[in-house]
Amino acid sequence: MPSKVKPRLSRGVLDMKFMQRTKKKVEKEADDEQSRALYSNEINEKMINSSSNFIVESSYSICEGLIDGRLSFRGMNPEIELLMEQELAEKRAHSKPEQPKEVSDKDMAKAYYANKAPTVTNSMAKKFSSKKNFKRKQHGDDQARSPGYHPKTKQQFKKPREDDD
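Heads up, the sequence shown is in the numbering used here, so the first residue is 1446 and it goes up one at a time.
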């Protein structure tokens, strides 16, 4: 007996506007065929023909990494939240321990403020200072604060004295 071979429609016919539903159907069948070919050694006839969505697994090893079935959020079940916090604390304790510090936090802060902070502060101050304040800082703060201080006027060329010959 000859095997049943479905006649296939050409690509040109399937691309026509009124054949879009049929095209989707044909593509879906082709994808199903490919997936069956790929997983033919894992899927048996009973799985294909059954209408059940459950898979029976003989080992419980796949359940090891799952979270607990009961959860609580925002104080809805304080007992479960307490259990969850305890488990989280145990997991953190079993993870890698904290390494001892070679330099204490205070020493690090001192080094930072001694070296880096003044330059950062000054650069930010420059960014937000006005031109007037910037010029004062260029000429020196001591002179700028004194009363009667006027910034130096532009120096002009002076004639040489005659006795310098």
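We put the CB at the ideal spot given by N, CA and C, even for glycine. Bear in mind that the values here come from a model prediction, so they are computed numbers and not experimental data.
Roughly how many angstroms separate the alpha carbons of residue i and residue j, rounded to a whole number?
i	j	result
Ser-1575	Lys-1582	11 Å
Ile-1488	Ser-1503	16 Å
Leu-1533	Ser-1517	14 Å
Met-1569	Gln-1600	32 Å
Lys-1580	Lys-1571	11 Å
Ile-1493	Lys-1449	20 Å
Asp-1550	Gly-1510	37 Å
Arg-1466	Ser-1480	21 Å
Met-1464	Arg-1456	10 Å
Asp-1477	Phe-1499	20 Å
Glu-1490	Lys-1536	44 Å
Asn-1560	Asp-1552	12 Å
Tyr-1557	Ser-1540	31 Å
Put residue i into one of helix, strand or coil per three-state DSSP.
i	result
Met-1506	It is worth fixing the name first, because residue 1506 is Ser in this sequence and not Met. Looking at Ser-1506 - three-state DSSP - the assignment turns out to be helix.
Leu-1459	helix
Ile-1493	helix
Arg-1481	helix
Asn-1486	coil
Asp-1587	Low confidence applies here, because Asp-1587 scores a pLDDT of 49, under 50, leaving its location unreliable; read the following figure in that light. Helix, per DSSP.
Lys-1580	helix
Lys-1639	Residue 1639 lies beyond the residue range present for the chain, which begins at 1446 and ends at 1610; the question has no answer from this structure.
Pro-1605	coil
Glu-1543	coil
Lys-1449	coil
Ser-1574	coil
Ser-1568	helix
Verify whether the separation of the beta carbon atoms of residue i and residue j is less than 8 Å.
i	j	result
Ile-1507	Arg-1515	no
Leu-1459	Lys-1451	no
Terminal residues of the continuous alpha helix (DSSP H) containing residue i?
i	result
Gln-1601	Premise fails: Gln-1601 is in no alpha helix (DSSP H) and is neither H nor E.
Lys-1527	One point to set straight first is that residue 1527 is Leu, not Lys, in the sequence displayed. Start and end: 1523-1539.
Tyr-1557	1550-1560
If you measure from the beta carbon of residue i to each beta carbon in chain D, is any gap under 8 Å?
i	result
Ala-1538	Judged by its chain identifiers, the structure shown contains no chain D, having just a single protein chain.
Taking residue i and residue j to be in contact with their CB atoms under 8 Å, please state how far apart those CB atoms are, rounded to whole angstroms.
i	j	result
Leu-1483	Val-1471	About 19 Å separates the two Cβ atoms, so there is no contact after all.
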